[in-house]
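Heads up, the thing below is written out as structure tokens.
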Amino acid sequence: MTHLRLWRFDVPAATEERFVEAYCADGDWARLFGSAEGFLKTELWRESDGAYVTADYWRTREDFERFQSALGVAYRALDTELEGISGTEVFLGAFDLVT
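Read left to right, the sequence shown gives residues 1 to 99 (UniProt numbering).
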């Protein structure tokens, strides 16, 4: 099974370069996630209106929850460090692949 988590961001032009560095497939978030068992990959998508969507793939929802339990402090620290570069962010949802 695959677990997918989607976020949408309206990024200010002034922080767009740093945002892409942090949220791309080998960026800050992907490196943190990659330290956890069950993380598969992160993708960064750009909509025609300039908004971005991140797609974080995990083997299972439980793997993501274990990551949150084990590395929640590091997650919150990175979130605080990157605060302000992502502009408006909206959690679009968590999805499990139907097979």
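Where a beta carbon is used, it is the ideal one built from N, C-alpha and C, also for glycine.
To the nearest angstrom, report how far apart residue i and residue j are at their CA atoms.
i	j	result
residue 95	residue 72	20 Å
residue 18	residue 98	35 Å
residue 61	residue 4	8 Å
residue 15	residue 86	7 Å
residue 42	residue 58	9 Å
residue 91	residue 36	21 Å
residue 82	residue 64	21 Å
residue 20	residue 8	13 Å
residue 46	residue 69	30 Å
residue 12	residue 84	9 Å
residue 34	residue 67	10 Å
Let me know if residue i comes out buried or exposed under the rule of 16 or more other beta-carbons within 10 Å of its beta-carbon.
i	result
residue 49	exposed
residue 80	exposed
residue 54	buried
If I'm right that residue i touches residue j with Cβ under 8 Å, what's the distance once you round it to whole angstroms?
i	j	result
residue 32	residue 75	7 Å
residue 44	residue 23	5 Å
residue 51	residue 10	5 Å
Between the Cα of residue i and those of the options, spot the shortest distance and give me the residue it belongs to.
i	options	result
residue 1	90, 12, 38, 42	38
residue 77	20, 13, 29, 64	29
residue 100	93, 12, 10	Because the chain in this structure spans residues 1 to 99, residue 100 falls outside the shown range and cannot be described.
Query raised in the report: In chain order, which alpha helix (DSSP H) runs of at least 4 residues are fully inside the segment 27–91?
Result: 28–34, 61–81
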